[in-house]
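Undergrad: Listed in order, the protein sequences are those of chains A and B. Going by the working numbering, the residue at position 63 of the first sequence is 63; the numbering climbs one at a time, nothing skipped. Going by the working numbering, the residue at position 462 of the second sequence is 1462; the numbering climbs one at a time, nothing skipped. A single structure is presented below for examination.
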Amino acid sequence: MADDGSSPISERQVSGRRARDLALIVPVLGVIALMPPLIGLFARPETGIFGIPLIVVYLFGLWLALILIAMVVASRLKRAIQPDDP
Amino acid sequence: MTLRELALLAAIGFALLLFLIAFLGDRGGRPRWLASPLVYTLSISVYCTSWTFYGAVGSATRNGLEYLTIYLGPTLVFVGFWTLLRKIMRITRRDNITSIADFVSSRYGKSDSVAAIVTILTLLAAAPYIALQIKAIATSFQVLGAASEDPTGSAAATPDFVIAFWITVGLALFTILFGTRRVDVRERHFGVVAAIAVEALVKLIALVAVGLLAVYGVADGPGEVFARMTASTAHSGDEFGMRWVGLIVLSGAAIVCLPRQFQVSFVENENETHLFTAAWLFPLYLFVLSLCVLPIAIMGQTILPEGSNPDMFVLTMPIAAGRTDIALLAFLGGFSSGTSMVIVSCIALSTMISNHILMPLALRSHQWREGSGDVQRFLLITRRIAICFILALGFLYLRTGATGAGLASIGLIAFAGAAQVLPALLGALYWEGANRRGAILGLFSGGMIWAYTLFLPNLLQGVAWWDTLAADGPFGLTLLRPGALFGLETNDDALMHALFWSLLVNAFALIAGSLSRLPTPIERLQAALFVRVFSDRGGSGARRGRAASADQLFDLAQRIMGADRAYGIFRNYAVSKNETTEFPLVDDAFIAHLERRMAASVGAASARAMILSATGSETISLDELVRIADETARLMEYTAEVTRKSDEIERAAAQLTAANERLKTLDRQKDEFLSHVSHELRTPMTSIRSFTEILAGTPDLDAGDRQRFIGIINAESIRLTALLDEILDMAVVESGDAERLLKPIDPEHALDQALDACLGLSHTAGVRIVAARTKQSVHVMGNLTRLTQVFINIISNGIKYDTNADPVIRVESRIDGADYIVVIADNGPGVPEAETRTIFDKFSRGRAGITAPGAGLGLAISHAIIDRFGGTLRLLPGTTGAQFEIRLKSVAIPADSGTSTVAG
């Protein structure tokens, strides 16, 4: 650990900073993806995936993706804030 | 047992269970299972009311995917929790904020009026919302009861008011029992949180159950559901327009601004890190609910007859599918959704009403100032009354029939009302320049427009005068029609119309109002504390003019929090500071601590008012205070220095000018004197020299001439000696050696001698001397010879300068009290005005223009002598001729010295 030149703390700090940046940018990306005109691209009644309308897949898929990213970001931020926690 | 009786029984049983859970949750202070992030997240799910539970299906049936906006907005806010929610959370926990109204008013200078406006606004918005919940529960009863005869669920178009009434009573009972037990809001509602967490679980389970039934019981799996979906609900790009955007913004605002959401998300929060879990878990909860709504809507439309009420699909679809057990579960889910919302709303609103409307009024009343009121009791009673009032308002709203529209549209009216707080809230968090005036203007204008364009049209629908107004505009001004303000047509979308105008004007008023004046110190302080909550650890409050003792503050605190809790706060603080006394030292830190603790009970504005009235002081940030003080002090110091320096310079300049004038005068006097002395010395010297030369050069001079010349030389020598004596005299008197020994003398004797000495002179000059002498015997401290010299000096001076044709010198002596006074006056031309000041100066020749013998030292010597005697010699002003006055202090004659002093 000593020879690679980076301590675990600085790694965690870097990770915390990346998580913070992500926490700021993800909701913005979410807003852009949910607003016209982007959402209009997926509002095509004739298109479907396995019989499910594209827009439904898009909305719920995006939603789930947001939740998953938030989960990762939140757990990283929590670790960055409370470094003493196991 | 009919389904209706079963439902009633289930509802009562479930209600009893909730009471038990709330009771257990409240007992023992802080149960561990309650302090988990899961419970926290479930309690936030109070967002999903019966509007979600029943109404989302209705909305999905009517408007397709639009219902998702209500859940996508909160999802975005929670996913972005790091930016907004965490900041609100930190401030709320730090300052013991009790409600959204408290939060906003705290930020804007702890203003009562801001809090009151927010309270009234949210109360107005909440009334239809609460009515909606009561209606949904009552309707669900009726639908279950009539399910066998009427599977459409549309029989319950008008709610059963008897059921609605008893539901309202039950809700009031629960809320008062668990919502107003103690006063401190922060540690308050464990029982309620526990109950709504359980209800949130019931909601989720019930809706998932109905959803699964729709997919696998009614349809043959997801495939069939989606196949029908494409057929039944047509999707075009149209629905993702302005309304889609507006609704996402609106729901995002509501998740923060709704009083009940603020209550559960921030006020009831136990641990800040719970937010990190809720950030994804709450969106997941919404995701699951929304996912279940879709198949219910689709399959409900498929299997239920035409004309069924889509708002009741959640109940009617399981019944139609023959699953009464799931229908019953769904009923309990709906019951949970409705009751949890009403309970939390009532708690939040009653806190706001009592803290921000009733408490400020009471604080102003005379009774409270007298100190007799028990604030704790007052708060509990007012909160209970407020809860009854809010529920009564909701019930009355229900009776007016204004809730006829779909569940979703009424919910959105409430959302739009709560969203009016958003500009003030965002300004509070991100713009330090926002101030109270802006907040009040924004909230007021936004609230008015919301009420005019959305709330009143819904409430007064069908009322004749309102319909006329709505159609033609007020006073026939079509431009002001509530449905199309300033001619803005939005295709009958009243919500978007109202939202656009109200938020636009609101935000504009906030900005304009804030820019129109500078923030006050308290606003600046609070702005910094809010906007820079993370970077700035918050300047500690410093108070000026503190005047309260620990006992006084304790008296105040126990009236608000109760004696036990107040005592606990005081003791804990004292112990934490290692103080040996019972109560802590009343310093600024303690007052700030106490104010925050009290704020948890009565809100920041009221707590501040109370602390101020107790301490009689003003809170201001220490940094701010220091900065202001520094600036002021620096400025004042600088000004004072400049003033002082310029004064000094002015004074110095005046002194210099005077000194220069004096030096010039002295220099001139010295020159005059020297030229005079040289002249005086030169004249006798010249004659002495010339006569000695004659005597030396002409040995054959006859005896008569020789004798005459020697006589002249002698006389000139005497004159020279006299002149030199005079100069010497001056030096002796100046050095003061001669007058070191003063004795009591008879001044009249000195005057006698002087008059005798002058007799010859006056006779030669043809001057009469008139003397008027005192008869009394008197003695003064002095030297007889010197005093005689002074008298001779002045009298001979008079003789010399009196150019009158009939010159008379008057010499007068008298006793004036303790003073012996001699006035010597001539009837000559007097002393010119310009020379009165310099006449006693050393080198002054006096009476310029009149040539007289002498070095001009006489008066200077006299003045110096009298000065040594402790008396005064002055020229009497404003007289014809020159009048000199000599004033000496008379002394008692020593008994032993007798007349011997005369010779002294």
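For every residue, glycine included, the Cβ atom is placed at its ideal position computed from N, Cα and C.
Expressed to the nearest angstrom, what Euclidean distance is found between the alpha-carbon atoms of residue 1123 of chain B and residue 1252 of chain B?
TA: Along the second sequence, read from residue 1 onward, the residue named residue 1123 of chain B stands at position 123. Along the second sequence, read from residue 1 onward, the residue named residue 1252 of chain B stands at position 252. As the crow flies, the alpha-carbon of residue 1123 of chain B is around 20 Å from that of residue 1252 of chain B.
Undergrad: From what residue to what residue does the alpha helix (DSSP H) around residue 1283 of chain B run?
TA: Translated into the one-based positions of the second sequence, residue 1283 of chain B becomes position 283. Taken as a continuous stretch (DSSP letters only), the alpha helix (DSSP H) holding residue 1283 of chain B covers 1274-1303.
Undergrad: Nearest chain A C-beta to residue 1219 of chain B closer than 8 Å, yes or no?
TA: The residue you call residue 1219 of chain B lines up with position 219 of the second sequence. It does not; no Cβ of chain A falls within 8 Å.
Undergrad: At a CB-CB cut-off below 7 Å, which residues of chain B make contact with residue 33 of chain A?
TA: Position 33 of the first sequence holds residue 33 of chain A. The contacting residues do not exist; residue 33 of chain A stays about 10 Å from chain B at best.
Undergrad: Any C-beta of chain A within less than 8 Å: which residues of the region 1252-1264 of chain B qualify?
TA: Taking 8 Å as the Cβ-Cβ cut-off against chain A, none of the residues of the region 1252-1264 of chain B qualify.
Undergrad: Return no unless some Cβ of chain B is closer than 8 Å to the Cβ of residue 23 of chain A.
TA: In the first sequence, residue 23 of chain A corresponds to position 23, counting from 1. Yes - at least one Cβ of chain B is within 8 Å of the one on residue 23 of chain A.
Undergrad: Taking Cβ positions, are residue 1436 of chain B and residue 1109 of chain B nearer each other than 8 Å?
TA: Position 436 of the second sequence holds residue 1436 of chain B. Position 109 of the second sequence holds residue 1109 of chain B. Yes, they are a contact pair.
Undergrad: From the DSSP output, read off the bridge partner residues of residue 1875 of chain B.
TA: Here the question's residue 1875 of chain B lines up with position 875 in the second sequence. Its beta-bridge partners are B/1884.
Undergrad: Can you tell me the Cα-Cα spacing of residue 1622 of chain B and residue 1651 of chain B, whole angstroms?
TA: As a working note, residue 1622 of chain B is residue 622 in the second sequence. As a working note, residue 1651 of chain B is residue 651 in the second sequence. Because residue 1622 of chain B sits at a pLDDT of 45, beneath the cut-off of 50, its placement in the model cannot be relied upon, and the point is left open.
Undergrad: Measure the CB-CB distance between residue 1778 of chain B and residue 1890 of chain B and report whether it falls below 8 Å.
TA: As a position in the second sequence, residue 1778 of chain B is number 778, starting the count at 1. As a position in the second sequence, residue 1890 of chain B is number 890, starting the count at 1. Yes, Cβ-Cβ distance for residue 1778 of chain B and residue 1890 of chain B is below 8 Å.
Undergrad: State the CB to CB distance for the pair residue 1424 of chain B and residue 1510 of chain B, rounded to an integer number of angstroms; the pair is presumed to be in contact (CB under 8 Å).
TA: One-based indexing of the second sequence puts residue 1424 of chain B at position 424. One-based indexing of the second sequence puts residue 1510 of chain B at position 510. Correct: roughly 6 Å between the Cβ atoms.
Undergrad: Which chain A residues are close to residue 1299 of chain B, counting only those with a beta carbon under 7 Å from its beta carbon?
TA: Taking the first residue of the second sequence as 1, we reach residue 1299 of chain B at position 299. Within chain A, no residue comes near residue 1299 of chain B; the closest Cβ sits about 15 Å away, beyond 7 Å.
Undergrad: With a threshold of 6 Å on Cβ separation, who are the neighbours of residue 1295 of chain B within its own chain once the five nearest residues in sequence on each side are excluded?
TA: If you number the second sequence from 1, residue 1295 of chain B lands on position 295. Excluding sequence neighbours, residue 1295 of chain B sits near 1211, 1214, 1215, 1225.
Undergrad: Is the separation between the beta-carbon of residue 1474 of chain B and that of residue 1453 of chain B shorter than 8 Å?
TA: As a working mapping, residue 1474 of chain B is identified with position 474 in the second sequence. As a working mapping, residue 1453 of chain B is identified with position 453 in the second sequence. No, these two residues do not count as a Cβ contact at 8 Å.
Undergrad: Which ranges would you report for the alpha helix (DSSP H) in the region 1302-1357 of chain B if only whole runs of at least 4 residues count?
TA: Correct list: 1313-1320, 1324-1353.
Undergrad: Output, in chain order, the set of chain A residues within a Cβ distance shorter than 9 Å of residue 1245 of chain B.
TA: Residue 1245 of chain B sits at position 245 when you count from the first residue of the second sequence. Near residue 1245 of chain B (Cβ distances below 9 Å), the residues of chain A are 34, 35, 36.
Undergrad: Using CA atoms only, rank isn't needed, just tell me which of B/1705, B/1757, B/1708, B/1270 is closest to residue 1089 of chain B.
TA: As a working mapping, residue 1089 of chain B is identified with position 89 in the second sequence. Of the listed residues, the one whose Cα sits closest to residue 1089 of chain B is B/1270.
Undergrad: Take residue 20 of chain A as the anchor and find which of B/1083, B/1595, B/1792 has the nearest alpha-carbon.
TA: Taking the first residue of the first sequence as 1, we reach residue 20 of chain A at position 20. Considering only alpha carbons, the answer is B/1083.
Undergrad: Determine contact between the region 1047-1064 of chain B and the region 1131-1139 of chain B, defined as no fewer than three beta-carbon pairs at a distance below 8 Å.
TA: yes
Undergrad: Bridge partners for residue 1782 of chain B per DSSP, in chain order?
TA: Residue mapping note: residue 1782 of chain B aligns to position 782 of the second sequence, counting from 1. In DSSP, residue 1782 of chain B forms a bridge with B/1743.
Undergrad: Inspect the CB distances between the region 1253-1268 of chain B and the region 1094-1109 of chain B and report whether three or more fall short of 8 Å.
TA: yes
Undergrad: Using alpha carbons as the reference points, say which of B/1711, B/1495, B/1441 lies closest to residue 1516 of chain B.
TA: Taking the first residue of the second sequence as position 1, residue 1516 of chain B is located at position 516. Selected option, being the one with the closest Cα: B/1441.
Undergrad: Chain A beta carbons: is any one of them nearer than 8 Å to that of residue 1226 of chain B?
TA: On the second sequence, residue 1226 of chain B is found 226 positions in, with the first residue counted as 1. Judged by the 8 Å Cβ criterion, residue 1226 of chain B is in contact with chain A.
Undergrad: What residues from chain A crowd round residue 1079 of chain B, counting only those whose CB sits closer than 8 Å?
TA: Counting from 1 along the second sequence, the entry for residue 1079 of chain B is found at position 79. In chain order: 26, 27, 30, 66, 67, 69, 70.
Undergrad: Mark residue 1707 of chain B as exposed unless 16 or more other C-beta atoms lie within 10 angstroms of its C-beta, in which case mark it buried.
TA: If you number the second sequence from 1, residue 1707 of chain B lands on position 707. Label assigned to residue 1707 of chain B: exposed.
Undergrad: Given that a residue counts as buried once 16 or more other Cβ atoms are within 10 Å of its Cβ, and exposed if not, what is residue 1310 of chain B?
TA: Counted from its first residue, the second sequence places residue 1310 of chain B at position 310. Buried: at least 16 other Cβ atoms inside 10 Å.
Undergrad: Within 8 Å (strictly less), CB to CB, does residue 40 of chain A reach chain B?
TA: Your numbering for residue 40 of chain A matches position 40 in the first sequence. Interface residue, yes.
Undergrad: Does DSSP put residue 1037 of chain B in a helix, a strand or coil?
TA: In the second sequence, the residue the question calls residue 1037 of chain B occupies position 37. DSSP places residue 1037 of chain B in helix when its eight states are reduced to three.
Undergrad: Along chain B, in chain order, which residues have C-beta atoms closer than 8 Å to that of residue 16 of chain A?
TA: If you number the first sequence from 1, residue 16 of chain A lands on position 16. Correct list: empty, because the minimum Cβ distance to chain B is about 11 Å.
Undergrad: Give me whichever residues DSSP pairs with residue 1820 of chain B in a beta bridge.
TA: For the purposes of this step, residue 1820 of chain B is taken as residue 820 along the second sequence, with counting starting at 1. B/1815, B/1888.
Undergrad: Would you mind working out which of B/1080, B/1192, B/1114, B/1352 sits nearest residue 1019 of chain B, comparing C-alpha positions?
TA: By one-based count along the second sequence, residue 1019 of chain B stands at place 19. Of the listed residues, the one whose Cα sits closest to residue 1019 of chain B is B/1192.
Undergrad: What does the Cβ neighbour count give for residue 1465 of chain B, buried or exposed, with the cut at 16 atoms within 10 Å?
TA: For the purposes of this step, residue 1465 of chain B is taken as the residue at position 465 of the second sequence. When all chains shown are included, residue 1465 of chain B counts as exposed.
Undergrad: Can you list the residues of chain A that residue 1279 of chain B reaches, using a CB-CB cut of under 7 Å?
TA: Taking the second sequence and counting its residues from 1, one reaches residue 1279 of chain B at position 279. Neighbours of residue 1279 of chain B on chain A, chain order: 70, 74.
Undergrad: To test your reading of the DSSP string, which unbroken alpha helix (DSSP H) runs of 4 or more residues are found completely within the region 1379-1443 of chain B?
TA: 1407-1419, 1421-1430
Undergrad: Decide if the region 1190-1204 of chain B is in contact with the region 1334-1342 of chain B; the criterion is three or more beta carbon pairs, one per stretch, under 8 Å apart.
TA: Under the 8 Å Cβ criterion, the region 1190-1204 of chain B counts as touching the region 1334-1342 of chain B, having at least three qualifying pairs.
Undergrad: Should residue 1072 of chain B be flagged as near chain A, meaning a C-beta pair shorter than 8 Å?
TA: For this step, residue 1072 of chain B is matched to residue 72 along the second sequence. Closer than 8 Å: yes.
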